[in-house]
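Chemist: In our numbering, the protein residues as written are 42 to 436. The structure is given below, and queries will be raised subsequently.
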Ligand code: GLY
């Protein structure tokens, strides 16, 4: 079925239209423009959405999960690109991204946490990853404000942090400088044409504009799984996973608070504290599967503060500056969906779940390769949407 658009204003056609101006959409458009393609981004609020909420941990090793070794390889490939990636952005734009190569300390608060962290450490070592076991006393020597009850921890020197808001601002500027066109209007739907509507040719905007493009990249985060204009069998299996996050401020003159990211699993919930050089302290995050709700709840705030207080009692002195919730684009195997779909002209860059910030550099490179050569690079090939189609057919 084709989807003609009556009475619409047609804008100039592009080589590439990216739907979604979060980190993933911005990096895709920027890298495409750098390779000589004419690129556009459609998003009413570039840098908003989950990008605006995320803490910005680059935690390939400390967030390692059993059974996710393929994702680990992609995460590590992206982490390795980060220093050059942010240096290139700063050189081009003059904007700082808040990248802080400070490492991470994952700690255990009770005997169960300690056993779990010991297992994770053994697993990390079997994979050749760099992580060092520390006693509780050694953890407190590194981070003196940790609670006396900390029973041990893992020092991971390669898991760093970046400020997603500043990174998005730098990407937006770099994209503008590279000639990317920004359409700040919501996308009403994807436009299809050809036999049976089998080719995506752009998008219809809420302001009445039609953006024509040879290739359209769906990078709409959690919205990707219900994007209008796409048949059910092409919609990526992406769902919203809510995260509530708090921002606190370490006042000037307070003295050192934390020098690196600190995280723990407290009664089964992940809690992390991400200290920025400018005094901001980000405290996250809940993980809730309640659909499209982004309200900040008393329960969410209570749990975050309770768990963080067990970890670092001194946080209760700090001013609380922001409470916010966003939606991670969850996928069935927690890994992103990159590359082609069953529709000509439609590509995916979505489903990055807990790793969108970390995977920004490698996603930009992979999509730029695909857009210019027609092939995904080997490191991205395991992450096409075809992996889910194959699984469904084989049962
Ligand atoms: N990677 C951190 C989070 O998803 O909360």
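Glycine included, every Cβ here is placed at the ideal spot set by N, Cα and C.
With DSSP as the reference, label residue 119 as helix, strand or coil.
Modeler: Looking up residue 119 in the chain shown gives position 78. Of the three classes helix, strand and coil, the one that applies to residue 119 here is helix, per DSSP.
Chemist: Could you tell me whether any non-hydrogen atom of the ligand GLY is closer than 7 Å to the CB of residue 104?
Modeler: In the chain shown, residue 104 corresponds to position 63, counting from 1. Indeed, a heavy atom of the ligand GLY lies less than 7 Å from the Cβ.
Chemist: Quick one, are the C-beta atoms of residue 255 and residue 307 less than 8 Å apart?
Modeler: Locating residue 255 in the chain shown gives position 214, counting from the first residue. Locating residue 307 in the chain shown gives position 266, counting from the first residue. Not in contact: residue 255 and residue 307 (Cβ atoms no closer than 8 Å).
Chemist: Residue ranges of each beta strand (DSSP E) run of no fewer than 3 residues wholly in the region 116-173, ordered along the chain?
Modeler: Within the region 116-173, the complete beta strand (DSSP E) runs of at least 3 residues are 145-149.
Chemist: Quick check: what's the CA-CA separation for residue 253 versus residue 231?
Modeler: Sequence index remark: in the chain shown, residue 253 carries index 212 (1-based). Sequence index remark: in the chain shown, residue 231 carries index 190 (1-based). Going by the C-alpha atoms only, they are around 10 Å apart.
Chemist: Sorry if obvious, but does the Cβ on residue 364 come closer than 7 Å to a heavy atom of the ligand GLY?
Modeler: Residue 364 sits at position 323 when you count from the first residue of the chain shown. Not so, every heavy atom of the ligand GLY lies at least 7 Å from the Cβ.
Chemist: How close, in whole Å, do the beta carbons of residue 291 and residue 361 come, if the pair is a contact with beta carbons under 8 Å?
Modeler: Locating residue 291 in the chain shown gives position 250, counting from the first residue. Locating residue 361 in the chain shown gives position 320, counting from the first residue. Not confirmed; about 12 Å, so no contact.
Chemist: Under 8 Å between the Cβ atoms of residue 82 and residue 216?
Modeler: Stepping through the chain shown from its first residue, residue 82 is reached at position 41. Stepping through the chain shown from its first residue, residue 216 is reached at position 175. Yes, the pair counts as a contact, with Cβ atoms nearer than the cut-off.
Chemist: Got a sec: does the ligand GLY put a non-hydrogen atom nearer than 7 Å to the Cβ of residue 325?
Modeler: As a position in the chain shown, residue 325 is number 284, starting the count at 1. Yes, the ligand GLY has a heavy atom inside 7 Å of this Cβ.
Chemist: Relative to the alpha-carbon of residue 135, which residue among 401, 251, 262, 210 has its alpha-carbon at the smallest distance?
Modeler: Locating residue 135 in the chain shown gives position 94, where the first residue counts as 1. Checked all of 401, 251, 262, 210; the closest Cα to residue 135 is 210.
Chemist: Closer than 7 Å: is that where the CB of residue 96 sits relative to any heavy atom of the ligand GLY?
Modeler: As a first step, residue 96 must be located in the chain shown, where it is residue number 55. True, at least one ligand heavy atom lies under 7 Å from that Cβ.
Chemist: Give a single yes or no on whether residue 100 has its beta carbon closer than 7 Å to a heavy atom of the ligand GLY.
Modeler: As a first step, residue 100 must be located in the chain shown, where it is residue number 59. Correct: residue 100 has its Cβ closer than 7 Å to the ligand GLY.
Chemist: Any chance the CB of residue 284 is under 7 Å from a heavy atom of the ligand GLY?
Modeler: The count along the chain shown starts at 1 and reaches residue 284 at position 243. Because some heavy atom of the ligand GLY lies under 7 Å away, the Cβ of residue 284 counts as near it: yes.
Chemist: Is it true that the region 276-296 meets the region 156-175, where meeting means three or more beta-carbon pairs spaced less than 8 Å apart?
Modeler: The region 276-296 is not in contact with the region 156-175.
Chemist: For residue 80, does the count of other Cβ atoms within 10 angstroms reach 16, so buried, or fall short, so exposed?
Modeler: On the chain shown, position 39 is the one that residue 80 refers to. Per the 10 Å Cβ criterion, buried.
Chemist: Is residue 424 helix, strand or coil when you go by DSSP?
Modeler: Locating residue 424 in the chain shown gives position 383, where the first residue counts as 1. Residue 424 falls in the helix class under three-state DSSP.
Chemist: In three-state terms, what does DSSP make of residue 363?
Modeler: By one-based count along the chain shown, residue 363 stands at place 322. Residue 363 falls in the strand class under three-state DSSP.
Chemist: Spatial neighbours of residue 188 within its chain, please: C-beta separation below 8 Å, excluding the five flanking residues on both sides.
Modeler: In the chain shown, counting from the first residue as 1, residue 188 sits at position 147. Counting only Cβ-Cβ distances below 8 Å, and skipping sequence neighbours, we find 150, 351, 352, 353, 354.
Chemist: Tell me whether residue 107 sits in a helix, a strand or coil according to DSSP, three-state version.
Modeler: Here residue 107 refers to the residue found at position 66 when the chain shown is read from its first residue. Note: residue 107 maps to coil in three-state DSSP.
Chemist: Answer yes or no: do residue 286 and residue 365 have a C-beta to C-beta separation smaller than 8 Å?
Modeler: Counting from 1 along the chain shown, the entry for residue 286 is found at position 245. Counting from 1 along the chain shown, the entry for residue 365 is found at position 324. Cβ distance < 8 Å, so residue 286 and residue 365 count as in contact.
Chemist: For residue 202, list the residues DSSP reports as bridge partners.
Modeler: By 1-based counting over the chain shown, the position of residue 202 is 161. Residue 202 is bridged to 98, 141.
Chemist: Taking DSSP as the reference, what is the three-state secondary structure of residue 349?
Modeler: Position 308 of the chain shown holds residue 349. Helix at residue 349.
Chemist: Cβ of residue 369 versus every heavy atom of the ligand GLY: is any distance shorter than 7 Å?
Modeler: Start at 1 with the first residue of the chain shown, and residue 369 comes out as number 328. Yes, the ligand GLY has a heavy atom inside 7 Å of this Cβ.
Chemist: From the beta carbon of residue 281, is the nearest beta carbon of chain C less than 8 Å away?
Modeler: This model lacks chain C altogether, as it is built from one protein chain only.
Chemist: Cutting at 8 Å between CB atoms, please list the residues of its own chain near residue 42, excluding the five before and the five after it.
Modeler: Reading the chain shown from its first residue, position 1 is the one you call residue 42. Note that residue 42 scores 45 on pLDDT, short of 50, meaning its location in the model is unreliable; the coordinates nonetheless yield the value given after this. So the list reads 233, 237, 238, once near-sequence residues are dropped.
Chemist: Hey, quick one: how far does the alpha helix (DSSP H) through residue 405 stretch, first residue to last?
Modeler: Residue mapping note: residue 405 aligns to position 364 of the chain shown, counting from 1. Residue 405 -> alpha helix (DSSP H) spans 401-414.
Chemist: With DSSP collapsed to three states, give me the class of residue 295.
Modeler: By 1-based counting over the chain shown, the position of residue 295 is 254. Residue 295: coil per DSSP, three-state reduction.
Chemist: Is residue 219 helix, strand or coil when you go by DSSP?
Modeler: As a first step, residue 219 is located in the chain shown; it is residue number 178 there, counting from the start. DSSP places residue 219 in coil when its eight states are reduced to three.
Chemist: How many Å lie between residue 109 and residue 409 at the Cα?
Modeler: As a working note, residue 109 is residue 68 in the chain shown. As a working note, residue 409 is residue 368 in the chain shown. Their backbone Cα atoms lie some 25 Å apart in a straight line.
Chemist: Mind the definition here: the region 240-248 touches the region 129-147 only if three or more C-beta pairs lie below 8 Å; say whether that holds.
Modeler: The answer is no - the region 129-147 does not touch the region 240-248, with fewer than three Cβ pairs under 8 Å.
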